[in-house]
Each structure stands twice: as C-alpha cells, then as structure tokens.
Amino acid sequence: MTIQNLGGQVASVWEALLPTTRNLVERALLSTATSSGARANVPYDARAEWELSRLLTALDERAAEAGALALNPEQLRELLHMAAVCVTVLRNEARSAEVFAQLLKRALHLCDYRCIDSLADTLTARIAPSEVCELARVPDLAVRIIAQEALMQMPTSALVELLGDPVDSRIAREAIKRQAEEYGSEEARWVVNEFIRTDASEDEI
Numbered sequence: 004m005t006i007q008n009l010g011g012q013v014a015s016v017w018e019a020l021l022p023t024t025r026n027l028v029e030r031a032l033l034s035t036a037t038s039s040g041a042r043a044n045v046p047y048d049a050r051a052e053w054e055l056s057r058l059l060t061a062l063d064e065r066a067a068e069a070g071a072l073a074l075n076p077e078q079l080r081e082l083l084h085m086a087a088v089c090v091t092v093l094r095n096e097a098r099s100a101e102v103f104a105q106l107l108k109r110a111l112h113l114c115d116y117r118c119i120d121s122l123a124d125t126l127t128a129r130i131a132p133s134e135v136c137e138l139a140r141v142p143d144l145a146v147r148i149i150a151q152e153a154l155m156q157m158p159t160s161a162l163v164e165l166l167g168d169p170v171d172s173r174i175a176r177e178a179i180k181r182q183a184e185e186y187g188s189e190e191a192r193w194v195v196n197e198f199i200r201t202d203a204s205e206d207e208i
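Oh and the sequence shown: position 189 is 192 in the working numbering, straight run, nothing missing.
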C-alpha cells in the first residue's frame, strides 16, 4: 500500500504519526493480511489513540470525496481497508469518550450493527463513568441513547459517586431513577427516596 496514493491529507496525517503509532497500524494491517487475527503487541496510549482517531477521520473524509478527486476502485479498497484496521484497533483499545463517540457515529452512519453492539458492550468496562456521562451529553441523539443505556447497566453505587459532580450529577440522577423504575432495583429505589427527602428539606429551607 502506497500512502501517497490515498491523497495529500491522508499522507500528511500518516507522516505526522509517531513511529510507535505507525508501527501499530502496520502490524495490524499485516495481521489482517495474514488472517492471524492477533492483536499487535505495540504500546498503546492516549497519544496513539488521538493519532489513530485523526487518521481515521482523514481516511473517512477522503473516502467521501467525489468527482475528479474520487479514488479509483483499487485505491478506495486500500483506503477502506486501512480505515477498517483503525476502527478495529480503536474498538479494542479506546479509552476516551471522544473516540467512542467517533466510532459510534461512524458505525451508526454505516448501519454497522455488529460494531455498534460491540462498542456498547465494552463501553462501561473501558471508560470511566464520568466519560460515559460525557457521551450522554453529545449532540448526536443515537449516541446519547446508547450512553444512557450503558449508565443504567452500571452499579448504582458507581452512579452515586457522580452525584457530587456539578456536571455529571443530573445525568447520574436520571440513570438511578430509571434503574428504580425500569429495573426495579431496591438500591436505586432507596437512593431515589433519599433524593425526595433531600429535595423536600431544601424546599422547606
């Protein structure tokens, strides 16, 4: 695969990658080419995640270009393969709300329900509750719904820890109410009753 054939923006992002991130992509590409399915044994960190996210954005933007700028079928096949590899690495490793939002919006756009289910299943195990709350505030309605459902799967105690946060408390409180109403959680019901008592005391004051 010749990166320069995929367009100037893709090539520019590729050249700006740290060697470790580039090696991560190259090993993942080799892994898929040999059908080994093995995950690359290369360091992955927040910088690699950010760089892979940028590369995926550049690839998707290039794939969407039409007219005289459009890729030929072979170039498009190579570009889509690289994009799929970036998605696989990020889906296995992502730790931030921003990247999960990117992957979810992309999968929803492509109607890739297997990817959507995989991301939803790993959401709460991969990122902190506060990050899931951040996802529940994004403009995209479908992503918000997925994040809200993920919050409902969390232990009530984890949601209670967010009640002191001025940004996340409203979302956490709503999730606890839904746990009580829709799941019949006794712990959530107890917390909701505490909400009612606290609100009543504040009204009296």
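Backbone N, C-alpha and C define an ideal beta-carbon position, used for all residues, glycine too.
Here SER99 carries a coil assignment [DSSP, helix/strand/coil]. Residue environment: GLN105 is assigned as buried (16 or more neighbouring CB atoms within 10 Å of its CB, all protein chains considered). LEU27 places its beta carbon less than 9 Å from that of ALA51. Under the Cβ criterion (8 Å, minimum of three pairs), the segment 70-79 does not count as touching the segment 114-124. Looking at the backbone, the Cα of ALA86 and that of SER34 are separated by about 14 Å. The DSSP-derived three-state label of SER188 is coil. Contact holds between the segment 88-107 and the segment 8-28, because three or more Cβ pairs, one in each stretch, are under 8 Å apart.
In the DSSP assignment, PRO132 falls within the alpha helix (DSSP H) that extends over 132-138. DSSP places ASP171 in the coil class of the three-state scheme, outside both helix and strand.
A direct Cα-to-Cα measurement between VAL146 and LYS108 gives close to 7 Å.
The Cβ-Cβ distance between VAL163 and VAL194 falls below 9 Å. DSSP places ALA161 inside the alpha helix (DSSP H), whose first and last residues are 159-163. Residue environment analysis places GLN182 among the buried positions, since at least 16 neighbouring C-beta atoms fall within 10 angstroms of its C-beta. Nearest to SER56 by alpha-carbon distance, out of LEU93, LEU21, GLU185, is LEU93. By the Cβ neighbour-count rule, LEU21 is exposed, with fewer than 16 other Cβ atoms within 10 Å of its own. Going by DSSP, THR5 is part of no alpha helix (DSSP H) at all; its letter is neither H nor E. Per DSSP, the unbroken alpha helix (DSSP H) holding GLU54 starts and ends at 49-67. Counting every other CB atom within 10 Å of its CB across the protein chains shown gives ARG200 a total below 16, marking it as exposed. When secondary structure is reduced to three states using DSSP, ALA73 falls in the coil class, being assigned neither helix nor strand.
Looking at GLY10, ASN95, THR23, TYR47, the one whose alpha-carbon comes closest to that of ASP63 is GLY10.
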